[in-house]
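Before any comments, here is the structure.
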Amino acid sequence: MAEQERHGAYPPIAEHGLIGDLRTAALVAVDGSVDWFCAPRFDSPSLFGALLDAREGGRWRIAPAAEDATYHQFYFPDTNILVTRMLTEDGIVEVQDFMPLLRPKDEAHRQRLVRRVVCVRGRMPMRTEIAPRMDYGRAPHEARATAYGAEFAGPAGALALRTRVPLRVGGRDAHGEFTLSAGESAAFVLEDAREDTGETSEAEVEELFLGTVAYWRGWLSRSAYAGRWRERVHRSVLTLKLLTHEPSGAVIAAPTLGLPERVGGERNWDYRYVWIRDAAFSLYALLRLGFTEEADAFTGWLTRLLRKACVSGEGGPLRALYSIDGEAVREEVVLDHWEGYRGSAPCRVGNGAKDQLQLDIFGELIDSVYLFNKYGKGISYEAWTDLCTLLDWLLDHWDQPDESIWETRAGRQRHTYSRLMCWVAVERMVRVARQRGLPGDLGRWMATRDTMYRQIIEEGWDEAAGTFTQRLRPGDCAEAEEAVGGDAVVDAALLLMPMVKFLSPTDPRFLGTVEAIRRDLVADSLVFRYDPRLSPDGLEGAEGTFSICSFWWVEALTRTGDVEGARLALEKMFTYANHVGLYAEQIGPTGEQLGNFPQAFTHLALISATVNLDRTLGS
101 MAEQERHGAY PPIAEHGLIG DLRTAALVAV DGSVDWFCAP RFDSPSLFGA LLDAREGGRW
161 RIAPAAEDAT YHQFYFPDTN ILVTRMLTED GIVEVQDFMP LLRPKDEAHR QRLVRRVVCV
221 RGRMPMRTEI APRMDYGRAP HEARATAYGA EFAGPAGALA LRTRVPLRVG GRDAHGEFTL
281 SAGESAAFVL EDAREDTGET SEAEVEELFL GTVAYWRGWL SRSAYAGRWR ERVHRSVLTL
341 KLLTHEPSGA VIAAPTLGLP ERVGGERNWD YRYVWIRDAA FSLYALLRLG FTEEADAFTG
401 WLTRLLRKAC VSGEGGPLRA LYSIDGEAVR EEVVLDHWEG YRGSAPCRVG NGAKDQLQLD
461 IFGELIDSVY LFNKYGKGIS YEAWTDLCTL LDWLLDHWDQ PDESIWETRA GRQRHTYSRL
521 MCWVAVERMV RVARQRGLPG DLGRWMATRD TMYRQIIEEG WDEAAGTFTQ RLRPGDCAEA
581 EEAVGGDAVV DAALLLMPMV KFLSPTDPRF LGTVEAIRRD LVADSLVFRY DPRLSPDGLE
641 GAEGTFSICS FWWVEALTRT GDVEGARLAL EKMFTYANHV GLYAEQIGPT GEQLGNFPQA
701 FTHLALISAT VNLDRTLGS
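Just so we're aligned, residue 101 is where the sequence shown starts under my numbering, counting upward by one.
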């Protein structure tokens, strides 16, 4: 891809790899451009944002001077170090992109984005363009030459670029041209400007590279999975680890904002936060693979969140999402100076779903606590009392409409999935209390649990249609009486019924639901979450299939005994991964990846579906 062709244009979302340092992450395009980078945290304003505005967002490009280069990208084996091979008639170079992690805990962490260019063959003229745009391109800065390279400084902060490559510095940017012969290398290190910033050296960068390789390989060696799809599972768990904020233990949904669910549409959200639901599922996936330290760290984050809510007397429900620090997410605002990915506006910062009522999260959270008690260290008595306080609120409020798992913006409804997960919340609390001998009002808990179960069976099952439905039949709630759409609308989230042990996977009711979902939502191996024509969600335009639902479909087929169908669907889903095994939130009609990228929810569903199918095939 030539420089002039790419400027002002957008590569496909899938044509990026991810690097990070467990504090933030960057997306690197297959042509060597850092198109997205927020620092120092995932939810910080961007420094490079060309992904959302190709002309004004800012990028850092390293590429051959020749305009006819071809590119290939892969991960250095068993690591999160990204390697981009660039080939021309003159030779081959490799750009190694990584953010150093040097010790198992890395307490004295120094955040750096390292780019090392190595000539593999021939003699290659290269060029680089470093064009940061601070604070989503809203803050001014000036670039100046320094003894160690260049500095970019303004009201939003100061960045130091350390390199031995001669640079032309002016205005806001820096440019450089250099030529490498086989065996030679050039390095660039971007970090916060410090008083002691000095020149970089080949020895320093080599030490950072080897230390980071050792970190990732040491971490991955803890994996308990050695099955048929080892590379797929390990790439997914490495991705989940990259989406972890190590200092707090939080797990974010995705490192990006504004990537559209449909190009040109308005379904563009900020996913750089901690969704209780996503993080709880991530904990389950990590526990299944033997990564108990990460599960322990997230449980610590969650315990602190619950303690704060109980001590402050805030009361009320859990929020659906929180900041990395466990605070309320900022108000949703629009970056109206950015055009959005391929014109997909608005670009939103913050997330309006923070104020929604999503009752299902109680079930996902408490189910993760149950699993942590089963496979991890178990929770403390203090955390248990906080959970009991949380459950008391749920027992008083479970039978009301909400926005549920899909965060619809068309008003609250009585979602069957939310009732299912409320049942899970109470059922798991009963289990943990009995297994650990912990105190609790078991009589009230079990009575409410049974009421929930009967409601799902009696109001969520449509006998005529032979399926569970997205919404319970309208009850006495006035808001529920305003429900739109047909009663027999199905929802892919209902595929989780046997996974949370509500029904046997061979129960006729579940088998009927599977067939209804196959008929209404499944397109080959791809699965829509629901049909917005029959169940309007308050937003304009269509969307793609949801990859997490497609992996739920694989697991549902496995559990119902259709192992061959599950295996075929899984192999087809693997073909939709990008060149380095990453998935966005959705798949479009021509197989393109859509939505924020990469998404934790999708990768954890891949792990669950793959591990479960592998176990079934082995038996």
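Virtual Cβ for every residue (Gly too), placed ideally from N, Cα, C.
Could you round the C-beta distance between residue i and residue j to whole angstroms and report it? I think they count as a contact, below 8 angstroms.
i           : j           : result
residue 171 : residue 184 : 6 angstroms
residue 595 : residue 653 : 6 angstroms
residue 542 : residue 533 : 6 angstroms
residue 610 : residue 599 : About 11 angstroms separates the two Cβ atoms, so there is no contact after all.
residue 680 : residue 325 : With 8 angstroms as the limit, residue 680 and residue 325 do not qualify as a contact, their Cβ atoms being about 19 angstroms apart.
residue 348 : residue 424 : 6 angstroms
residue 452 : residue 427 : Not a contact, Cβ separation roughly 16 angstroms.
residue 373 : residue 441 : 19 angstroms between Cβ atoms; not a contact.
residue 312 : residue 201 : 5 angstroms
Ordered along the chain, which non-local residues of its own chain (more than five positions away) have a Cβ less than 7 angstroms from that of residue i?
i           : result
residue 385 : 340, 704, 707, 708
residue 320 : 178, 334, 338
residue 657 : 665, 666, 669
Do residue i and residue j have their CB atoms nearer than 9 angstroms?
i           : j           : result
residue 132 : residue 147 : no
residue 323 : residue 389 : yes
residue 308 : residue 214 : yes
residue 571 : residue 515 : yes
residue 359 : residue 694 : yes
residue 724 : residue 233 : Missing from the structure shown is residue 724; the chain here goes from 101 to 719 and no further.
residue 127 : residue 136 : yes
residue 351 : residue 288 : no
residue 114 : residue 684 : yes
residue 561 : residue 551 : no
residue 394 : residue 344 : yes
residue 168 : residue 117 : no
residue 274 : residue 267 : yes
residue 643 : residue 632 : yes
residue 71  : residue 486 : For the chain, the structure presents residues 101 to 719; residue 71 sits outside this window and is missing.
residue 261 : residue 253 : no
residue 619 : residue 646 : no
residue 353 : residue 678 : no
residue 293 : residue 263 : no
residue 650 : residue 668 : no
residue 161 : residue 251 : no
residue 700 : residue 460 : no
residue 248 : residue 297 : yes
In the DSSP assignment, the alpha helix (DSSP H) including residue i goes from what residue to what residue?
i           : result
residue 704 : 700-718
residue 529 : 516-536
residue 603 : From DSSP, residue 603 is part of no alpha helix (DSSP H); its letter is neither H nor E.
residue 322 : Neither: residue 322 is in no alpha helix (DSSP H) and is coded neither H nor E.
residue 550 : 542-560
residue 511 : No alpha helix (DSSP H) holds residue 511; DSSP gives it neither H nor E.
residue 484 : 481-497
residue 380 : 376-388
residue 372 : Per DSSP, residue 372 belongs to no alpha helix (DSSP H) and is neither H nor E.
residue 649 : 647-660
I need the boundaries of the beta strand (DSSP E) containing residue i, first residue and last residue.
i           : result
residue 171 : 170-175
residue 225 : 212-231
residue 336 : Where residue 336 is concerned, there is no enclosing beta strand (DSSP E), although the alpha helix (DSSP H) it sits in stretches over 330-342.
residue 275 : 273-281
residue 463 : Careful: residue 463 lies outside any beta strand (DSSP E), inside the alpha helix (DSSP H) at 460-475.
residue 432 : Per DSSP, residue 432 belongs to no beta strand (DSSP E) and is neither H nor E.
residue 291 : 285-292
residue 667 : Premise fails: residue 667 lies in the alpha helix (DSSP H), 663-674, not in any beta strand (DSSP E).
residue 117 : 116-120
residue 149 : Segment: none, residue 149 is in no beta strand (DSSP E) and carries neither H nor E.
Looking only at its own chain, which residues have a Cβ that is under 6 angstroms from the Cβ of residue i, when we skip the five neighbours before and after it?
i           : result
residue 111 : 129
residue 120 : 199, 342
residue 227 : 165, 277
residue 104 : Residue confidence for residue 104 is low, a pLDDT of 35 falling below 50, so the modelled location carries little weight and cannot support an answer.
residue 582 : With a pLDDT of only 44 at residue 582, under 50, the local geometry of the prediction cannot be trusted, and the value read off the model is given with reservation. Around residue 582: no qualifying Cβ.
residue 580 : In this prediction, residue 580 scores a pLDDT of 40, lower than 50, which makes its location untrustworthy; the coordinate-derived value is nonetheless stated afterwards. Counting only Cβ-Cβ distances below 6 angstroms, and skipping sequence neighbours, we find 501, 514, 574.
residue 225 : 165, 279
residue 336 : 703, 706, 707
residue 108 : Note that residue 108 has pLDDT 46, beneath the 50 cutoff, so the model's placement of it is unreliable and no number is given.
residue 327 : 714
To which residues of the same chain is residue i closer than 8 angstroms at the C-beta, ignoring the five residues directly before and after it?
i           : result
residue 480 : 403
residue 603 : 597, 609, 610
Within the present structure, is the beta-carbon of residue i separated from the nearest heavy atom of the ligand NAD by less than 8 angstroms?
i           : result
residue 315 : Ligands are entirely absent from the displayed structure, and the ligand NAD is therefore not among its contents.
Next on the checklist: If contact is defined by three or more beta carbon pairs under 8 angstroms, each pair taking one atom from either stretch, is the segment 588-605 in contact with the segment 551-571?
Outcome noted: These segments touch.
Next on the checklist: Across the segment 463-470 and the segment 523-539, are there enough close Cβ pairs to call them in contact, namely three or more that are closer than 8 angstroms?
Outcome noted: Judged by Cβ distances under 8 angstroms, the segment 463-470 makes contact with the segment 523-539, as three or more pairs qualify.
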